[in-house]
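Q: Residue numbers (the numbering used here): 30 to 360.
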Ligand code: LMR
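Here it is, written out as structure tokens:
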């Protein structure tokens with residue numbers, strides 16, 4: 030009889046307890062907590078937990094502690110994690126090739142043009158492409174423009190000849206390095222430092238904040254201030270999870286994401302400038318600035334990639350991005 034009563038009590042209490050258990054969002058990413066994306070993720074956690082009065086708990090897993098960048102999108106699709114912010118260069122292997130337009134060398138002349146693209150119809154169209162993959166795009170987060178690093182100074186396209194360069198899994202980045210005469214090698218972000226240290230690859234490209242927070246500068250003698258390309262993120266969620274959220278919770282999370290996005294995009298430039306200053310202060314890496322002639326030679330070597338890749342990423346998409354640049358006064 031006693032046992033029967035205890036079971037009855039448990040049956041009454043259990044649903045109450047589970048109703049009070051917070052909804053957990055696992056937010057996995059591959060960069061450091063103090064990189065722009067890492068800071069954005071922590072800000073989202075804070076805002077989301079506040080905005081839902083604790084009904085949502087956001088667990089942030091930085092530095093590939095849960096998944097490497099080549100594993101995380103599948104984990105999101107399977108629902109093992111709920112939220113990610115991969116660089117958009119990671120969507121090619123998923124079959125969404127259009128995002129690789131962002132990898133085209135010199136495609137964004139500045140951040141304002143980039144913001145026009147991501148916040149306008151192109152950004153929305155690209156999010157739509159993810160829907161059939163069970164993914165919902167929530168926001169675009171900025172990182173910044175890339176530098177090149179190696180153990181020799183990279184001043185002219187000829188300097189790349191025969192160098193093994195780590196890339197993200199993007200056919201456009203592959204074509205970019207081939208156009209320079211280098212040998213591109215796709216590699217997970219978490220493995221780059223060691224690969225540079227041991228000479229598995231000779232060099233790489235990334236934003237200063239990623240170079241600094243992963244300590245790549247400690248194993249690279251030269252850094253070229255090339256600003257030849259861009260890295261940015263799509264903050265994405267498992268669509269089924271997102272659609273299953275109570276409407277008030279989802280609305281609160283949308284608000285938190287809006288504010289976290291504003292914050293992440295406001296700090297990115299400064300974070301990268303500070304990272305460059307810190308790399309310089311560390312004294313292990315010599316900076317290479319390009320003069321006008323060298324810049325022109327880089328462009329000349331890399332721009333054929335547009336033609337080569339237009340059937341992959343879409344001629345119209347490239348034209349739409351270029352139209353935004355032209356509207357901002359760039360030729
Ligand atoms: C990389 O893989 O090089 C970076 O895009 C990683 C990141 O998320 O910034």
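Positions of the beta carbon are idealized from the N, C-alpha and C atoms, including for glycine.
Please read all numbers here as calculations on a predicted model, not as lab measurements.
State whether the stretch 160 to 178 contacts the stretch 232 to 249, with contact taken as three or more CB pairs (one from each stretch) at a distance under 8 Å.
A: Flag = yes, the stretch 160 to 178 and the stretch 232 to 249 touch.
Q: Going by DSSP in three states, residue 100 sits in which element: helix, strand or coil?
A: For the purposes of this step, residue 100 is taken as residue 71 along the chain shown, with counting starting at 1. Coil, per DSSP.
Q: Quick check: what's the CA-CA separation for residue 233 versus residue 275?
A: On the chain shown, residue 233 is found 204 positions in, with the first residue counted as 1. On the chain shown, residue 275 is found 246 positions in, with the first residue counted as 1. Roughly 44 Å separates the two Cα atoms.
Q: Spatial neighbours of residue 189 within its chain, please: C-beta separation below 6 Å, excluding the five flanking residues on both sides.
A: On the chain shown, position 160 is the one that residue 189 refers to. Cβ within range, chain order: 209, 210 and 211.
Q: Quick one: give me the first and last residue of the beta strand (DSSP E) that residue 201 is part of.
A: Stepping through the chain shown from its first residue, residue 201 is reached at position 172. Not the beta strand (DSSP E): residue 201 falls in the alpha helix (DSSP H), residues 200 to 208.
Q: To which residues of the same chain is residue 72 closer than 6 Å at the C-beta, ignoring the five residues directly before and after it?
A: Locating residue 72 in the chain shown gives position 43, counting from the first residue. Correct list, in chain order: 289 and 292.
Q: Consult DSSP for residue 221 and reduce its assignment to one of helix, strand or coil.
A: Numbered from its first residue, the chain shown carries residue 221 at position 192. Residue 221 falls in the helix class under three-state DSSP.
Q: In chain order, what residues of the same chain have a beta carbon less than 7 Å from the beta carbon of residue 330, not counting five sequence neighbours either side?
A: As a first step, residue 330 must be located in the chain shown, where it is residue number 301. If we look at residue 330 and ignore the five residues flanking it on each side, its Cβ neighbours are 186, 208 and 209.
Q: Given residue 151, which residues of its chain have a CB within under 6 Å of its CB, disregarding the five upstream and five downstream residues?
A: As a working mapping, residue 151 is identified with position 122 in the chain shown. These residues qualify, in order along the chain: 349.
Q: For the alpha helix (DSSP H) containing residue 143, list its first residue and its last residue.
A: Counting from 1 along the chain shown, the entry for residue 143 is found at position 114. That run of the alpha helix (DSSP H) goes 140 to 148.
Q: Measure the alpha-carbon distance for residue 89 versus residue 80 and round it to whole angstroms.
A: For the purposes of this step, residue 89 is identified with residue 60 of the chain shown, where counting begins at 1. For the purposes of this step, residue 80 is identified with residue 51 of the chain shown, where counting begins at 1. So the two alpha carbons sit approximately 17 Å from each other.
Q: Can you tell me whether residue 318 is helix, strand or coil according to DSSP?
A: The residue given as residue 318 occupies position 289 in the chain shown. Reduced to three states, the DSSP call for residue 318 is strand.
Q: Please tell me whether residue 260 and residue 141 are closer than 9 Å, where the distance is taken between their beta carbons.
A: Start at 1 with the first residue of the chain shown, and residue 260 comes out as number 231. Start at 1 with the first residue of the chain shown, and residue 141 comes out as number 112. Their beta carbons are not under 9 Å apart, which means residue 260 does not touch residue 141 by this criterion.
Q: Could you check if residue 340 is buried or exposed, using at least 16 other CB atoms within 10 Å of its CB as the buried criterion?
A: Taking the chain shown and counting its residues from 1, one reaches residue 340 at position 311. It is exposed - the Cβ of residue 340 has fewer than 16 other Cβ atoms within 10 Å.
Q: According to DSSP, is residue 117 helix, strand or coil?
A: Here residue 117 refers to the residue found at position 88 of the chain shown. Helix at residue 117.
Q: What do you reckon, are the CB atoms on residue 105 and residue 265 nearer than 9 Å?
A: On the chain shown, position 76 is the one that residue 105 refers to. On the chain shown, position 236 is the one that residue 265 refers to. The answer is yes: Cβ separation under 9 Å.
Q: Could you check if residue 206 belongs to the surroundings of the ligand LMR, using beta carbon to heavy atom distance under 8 Å?
A: On the chain shown, position 177 is the one that residue 206 refers to. Outside the cutoff, so no.
Q: Which residue marks the beginning of the beta strand (DSSP E) containing residue 177, and which one marks its end?
A: Within the chain shown, residue 177 is the residue found at index 148, counting from 1. Start and end: 176 to 179.
Q: Going by DSSP, what residue range makes up the beta strand (DSSP E) through residue 286?
A: Mapped onto the chain shown, residue 286 falls at position 257. That residue, residue 286, is in no beta strand (DSSP E); its alpha helix (DSSP H) goes 276 to 311.
Q: Closer than 8 Å to a non-hydrogen atom of the ligand LMR - does that hold for the CB of residue 116?
A: Mapped onto the chain shown, residue 116 falls at position 87. Yes, since a heavy atom of the ligand LMR falls inside the 8 Å radius drawn around the Cβ of residue 116.
Q: Starting from the C-beta of residue 267, find all residues in its chain whose C-beta is less than 6 Å away, skip the five residues before and the five after it, and write them out in chain order.
A: One-based indexing of the chain shown puts residue 267 at position 238. Excluding positions up to five away in sequence, the list reads 105, 108 and 111.
Q: Under 8 Å from any heavy atom of the ligand LMR, does the C-beta of residue 90 make it?
A: Stepping through the chain shown from its first residue, residue 90 is reached at position 61. Incorrect: residue 90 has no Cβ contact closer than 8 Å to the ligand LMR.
Q: Residue 154: buried (16+ other C-beta within 10 angstroms of its C-beta) or exposed?
A: Numbered from its first residue, the chain shown carries residue 154 at position 125. The residue is exposed, with fewer than 16 neighbouring Cβ atoms inside 10 Å.
Q: Please determine whether the Cβ atom of residue 280 lies at a distance below 8 Å from any heavy atom of the ligand LMR.
A: Here residue 280 refers to the residue found at position 251 when the chain shown is read from its first residue. Because no heavy atom of the ligand LMR lies under 8 Å away, the Cβ of residue 280 does not count as near it: no.
Q: Do you know offhand how far residue 135's Cα is from residue 253's?
A: For the purposes of this step, residue 135 is identified with residue 106 of the chain shown, where counting begins at 1. For the purposes of this step, residue 253 is identified with residue 224 of the chain shown, where counting begins at 1. Between residue 135 and residue 253, the C-alpha separation is close to 15 Å.
Q: Excluding the 5 residues preceding and the 5 following residue 314 in the sequence, name in chain order all residues of the same chain whose CB lies nearer than 7 Å to its CB.
A: Position 285 of the chain shown, counting from 1, holds the residue named residue 314. Here the set comprises 246, 249, 250, 251, 252 and 308.
Q: Can you list, in chain order, the residues of its chain whose CB lies under 7 Å from that of residue 221, leaving out five sequence neighbours each side?
A: Position 192 of the chain shown, counting from 1, holds the residue named residue 221. Hits under 7 Å: 195, 233, 243 and 245.
Q: What's the gap between the Cα of residue 262 and the Cα of residue 333?
A: Within the chain shown, the letter at position 233 stands for residue 262. Within the chain shown, the letter at position 304 stands for residue 333. Cα-Cα distance, rounded: 25 Å.
Q: Would you say the beta carbon of residue 221 comes nearer than 8 Å to a heavy atom of the ligand LMR?
A: As a working mapping, residue 221 is identified with position 192 in the chain shown. Yes, the Cβ of residue 221 comes within 8 Å of a heavy atom of the ligand LMR.
Q: Please say whether residue 269 and residue 124 have beta carbons closer to each other than 9 Å?
A: Along the chain shown, one-based indexing puts residue 124 at 95. Along the chain shown, one-based indexing puts residue 269 at 240. Result no, Cβ atoms of residue 124 and residue 269 do not sit closer than 9 Å.
Q: Output the boundary residues of the beta strand (DSSP E) element that contains residue 194.
A: On the chain shown, residue 194 is found 165 positions in, with the first residue counted as 1. Here the beta strand (DSSP E) through residue 194 covers 193 to 196.
Q: Return the residue from the list 231, 183, 301 and 360 that minimises the CA-CA distance to residue 317.
A: As a position in the chain shown, residue 317 is number 288, starting the count at 1. Closest option to residue 317, Cα to Cα, is 183.
Q: Quick one: Cα of residue 342 to Cα of residue 49, how far?
A: Taking the first residue of the chain shown as 1, we reach residue 342 at position 313. Taking the first residue of the chain shown as 1, we reach residue 49 at position 20. Going from the Cα of residue 342 to the Cα of residue 49 covers about 46 Å.
Q: Which residue or residues does DSSP assign as beta-bridge partners of residue 112?
A: The residue you call residue 112 lines up with position 83 of the chain shown. Residue 112 pairs with 56 and 266.
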